[in-house]
Each structure stands twice: as structure tokens, then as C-alpha cells.
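Q: Per my numbering, the very first residue in the sequence shown carries number 134; after that it's consecutive. Where is the CB? At the ideal position from N, CA and C, for every residue including glycine.
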Amino acid sequence: MAPTVPLSVLPLVALVVLVAPALGVAPGCDRPAHLWCRSPETAVACQVESRCPDLPHPAAAPVQLSLYYESLCPACRQFLVRALFPTWLQLPDEMLNITLVPYGNAQERNVSGKWDFDCQHGPEECLGNMIEACLIHEAKDFSTYFPLIFCLESGTSVTKNLEAVCPSPHPSCPSCPPQGHPCPPDPPVCPLCWQCLQVYAPDLDRSRIAACVQGDTGMALMHQNAQLTDALDPPHQYVPWIVVNGKHTDELQAQAENSLLGLICHLYQ
């Protein structure tokens with residue numbers, strides 16, 4: 134004899150039979166109604182995703198922000214130090230991806246097969262741009278090189294001239310220049326770049342950074358940044374030039390400068 138259904142259950146069964154078509158349940162949905170929202174797979178199979186508010190949703194794509202800047206530009210330094218770096222510290226990694234392009238309003242020319250650069254704030258800015266490009270190249274990991282660049286940009290001098298990339302140690306200060314330079318003071322004060330390295334990335338190879346800045350690699354990196362900057366659409370008109378999710382508009386620029394954290398939180402969805 135077939136099993137009987139208790140009379141108390143019949144109304145519930147009838148309700149599910151009547152409501153199921155209205156919910157748009159797929160003909161192939163073989164799970165009971167109380168399990169439809171148990172997993173994303175079941176909700177999709179039963180075509181009830183919109184009626185399952187507690188289902189986990191796919192993570193939103195991170196906001197992509199590219200900063201085109203130059204190392205000695207006051208407005209660039211202010212945005213990087215006071216807005217971009219603090220915002221990055223406050224947000225989880227999955228919300229924001231940052232690309233730094235140190236070049237700005239520089240101009241390049243090919244002189245006898247080698248690149249030569251003319252920077253808006255003079256040769257020291259060209260050196261600062263190259264130091265930061267080499268830090269990015271050598272450190273590779275954003276969480277390593279961004280604090281370094283923040284440290285440089287927030288100090289009184291970004292470069293300390295070529296002392297900042299001198300690879301040879303001095304006995305009294307492992308990061309100060311050797312012979313040919315003035316003797317370090319007592320106590321010695323290490324160049325800013327090395328001070329930043331000592332604090333934020335003590336394991337980063339200083340000799341490789343020096344070789345990059347003083348050699349062909351640094352020139353190639355600057356040429357690459359020149360190409361990235363020249364390819365901007367629309368072309369950049371000033372620095373800092375902020376590109377968000379591949380776009381630059383006056384409105385996005387103003388929002389980023391006035392409330393970067395609010396902008397990122399609004400776009401991350």
C-alpha cells in the first residue's frame with residue numbers, strides 16, 4: 134500500500150506546488166523548496182537567485198588607479214603622501230590596484246642611440262624619477278616599493294643627489310658614500326634613500342638599485358614610462374594625472390584629489 138501523507142502536511146505541499154511556477158523554478162530543479170537558497174549552485178539550477186538575498190556574491194573587481202607623476206612636483210608629492218598612501222593603508226588588497234608611473238612632464242630625446250631626459254624640475258627630478266622607477270623594478274612587490282616611495286616623497290629631499298644610489302659602503306655608515314665624497318658627520322647621517330630602505334626593505338639589494346639607476350636599465354625604464362605617459366588618452370595636461378579604471382575626466386580627477394577613499398568605496402561594487 135502506498136504511504137499516506139499526513140493531513141497536516143498537505144497544505145504545505147499544495148502551497149509549494151502552487152508557488153513554484155510563480156517563482157520561476159526550472160523544470161530540472163530536483164531539490165525541495167527549503168533548500169533552494171542553500172547554495173549558489175542550487176539557486177541557479179532552480180532559477181531563484183533573485184529570491185535568495187543571503188547568497189554569497191562574487192567579489193567585485195578591484196578599482197584600478199594609475200598615477201602619472203614626477204618626483205619633485207609639489208602637487209604630486211602631496212597627493213601621493215596625503216591621499217594615495219593613507220587610502221592604500223586603509224583598504225584591503227582586493228579593493229584597489231595602484232600603478233605608479235614616475236615621469237610626468239619630462240621630455241626624452243635620442244642622442245646617438247641613447248636616451249636623454251629633460252625634466253620639469255631639473256636633473257635632480259630626473260634622478261628621482263629614475264630612482265623610483267628602479268625601486269619599482271627591483272622590488273617588484275607593490276607592498277614593498279610603495280612604502281619606500283612614500284618615504285622618499287615625504288622627506289625633505291627625494292634624492293640626496295647621487296649619494297642615494299652609491300653602492301659602496303663606508304666603514305662608519307654602511308650606506309654612505311666612500312672616498313671622493315665629504316666625510317660623513319659624527320654621528321653619520323645616511324642618505325635618505327638608504328634610510329628608507331633600512332626601515333621599509335632592509336633585504337632589498339642596494340647594489341642592484343644603484344646599478345639600475347647608473348646603467349642602461351634605468352634609462353630603459355624611463356623610456357618605458359615616457360611611452361606610457363605619451364600614450365595617455367586623453368593626453369595628460371598636468372601632473373598629478375590620475376586615471377581610474379582606465380579613464381581620466383576632470384570629475385574623476387577632482388573626486389580623487391578631494392576624497393580618494395570615498396571615490397574608491399563608491400566605485401568598488
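So which of 285, 192, 332 has the shortest CA-CA distance to residue 258?
A: By 1-based counting over the sequence shown, the position of residue 258 is 125. For residue 258, the nearest C-alpha among the options comes from 285.
Q: Going by DSSP, name the residue or residues bridged to residue 200.
A: Here residue 200 refers to the residue found at position 67 of the sequence shown. 233, 375.
Q: Quick check on residue 221: does DSSP put it in helix, strand or coil?
A: The sequence position of residue 221 within the sequence shown is 88, counting from 1. DSSP places residue 221 in helix when its eight states are reduced to three.
Q: Would you call residue 289 buried or exposed, if buried means 16 or more other Cβ atoms sit within 10 Å of its Cβ?
A: To locate residue 289, count along the sequence shown from 1; it is residue 156. By the neighbour-count rule (16 or more Cβ atoms within 10 Å), residue 289 is not buried but exposed.
Q: Here's the rule I'm using: 16 or more other beta-carbon atoms within 10 Å means buried, otherwise exposed. How should residue 123 be labelled?
A: Coverage of the chain is limited to positions 134 through 402, which leaves residue 123 absent and any answer about it impossible.
Q: On the DSSP bridge assignment, give the partners of residue 169 in chain order.
A: As a working mapping, residue 169 is identified with position 36 in the sequence shown. DSSP output for residue 169 lists no bridge partner at all.
Q: Just mark residue 220 as buried or exposed, buried being the case when its beta carbon has 16 or more other beta carbons within 10 Å.
A: For the purposes of this step, residue 220 is taken as residue 87 along the sequence shown, with counting starting at 1. Buried.
Q: Could you check whether residue 388 and residue 395 sit closer than 9 Å to each other, using their CB atoms as the reference points?
A: Position 262 of the sequence shown, counted from the start, is the residue given in the question as residue 395. Position 255 of the sequence shown, counted from the start, is the residue given in the question as residue 388. Cβ distance < 9 Å, so residue 395 and residue 388 count as in contact.
Q: Who are the near neighbours of residue 156 in its chain, counting only those whose CB is closer than 6 Å to its CB and skipping five residues on each side?
A: As a working mapping, residue 156 is identified with position 23 in the sequence shown. For residue 156, the predicted model reports a pLDDT of 46, less than 50, meaning its position is unreliable; a value from the coordinates is still stated below. The residues are 181.
Q: What separation, rounded to the nearest whole angstrom, lies between the Cα atoms of residue 345 and residue 339?
A: The residue given as residue 345 occupies position 212 in the sequence shown. The residue given as residue 339 occupies position 206 in the sequence shown. Going from the Cα of residue 345 to the Cα of residue 339 covers about 10 Å.
Q: State the beta-bridge partners of residue 250 as determined by DSSP.
A: Reading the sequence shown from its first residue, position 117 is the one you call residue 250. Partner(s): 241.
Q: Thinking residue 217 and residue 393 are a contact (beta carbons under 8 Å), I'd like their distance in whole angstroms, please.
A: Residue 217 sits at position 84 when you count from the first residue of the sequence shown. Residue 393 sits at position 260 when you count from the first residue of the sequence shown. Indeed, because the Cβ distance is near 7 Å, the residues count as touching under 8 Å.
Q: One question on the structure: do residue 333 and residue 281 come within less than 9 Å of each other, judged by their Cβ atoms?
A: Taking the sequence shown and counting its residues from 1, the one referred to as residue 333 is at position 200. Taking the sequence shown and counting its residues from 1, the one referred to as residue 281 is at position 148. Yes, these two residues count as a Cβ contact at 9 Å.
Q: Is it true that the CB of residue 369 sits closer than 9 Å to the CB of residue 201?
A: Along the sequence shown, one-based indexing puts residue 201 at 68. Along the sequence shown, one-based indexing puts residue 369 at 236. Yes, these two residues count as a Cβ contact at 9 Å.
Q: Leaving out five residues on either side along the sequence, give the residues of the same chain with a beta carbon under 6 Å from the beta carbon of residue 213.
A: Here residue 213 refers to the residue found at position 80 of the sequence shown. Answer for residue 213: 286, listed in chain order.
Q: In the DSSP assignment, find the alpha helix (DSSP H) that holds residue 270 and state where it starts and stops.
A: The count along the sequence shown starts at 1 and reaches residue 270 at position 137. Residues 256-272.
Q: If we ignore side chains and look at the alpha-carbon of each, how far apart do residue 397 and residue 225 end up?
A: Residue 397 sits at position 264 when you count from the first residue of the sequence shown. Residue 225 sits at position 92 when you count from the first residue of the sequence shown. Going from the Cα of residue 397 to the Cα of residue 225 covers about 11 Å.
Q: Should residue 264 and residue 291 be called a contact, given that it needs their Cβ atoms to be closer than 9 Å?
A: Counted from its first residue, the sequence shown places residue 264 at position 131. Counted from its first residue, the sequence shown places residue 291 at position 158. Yes, they are a contact pair.
Q: For a quick check, are the C-beta atoms of residue 271 and residue 342 less than 9 Å apart?
A: On the sequence shown, position 138 is the one that residue 271 refers to. On the sequence shown, position 209 is the one that residue 342 refers to. It is a contact, given that the beta carbons lie within the stated cut-off.
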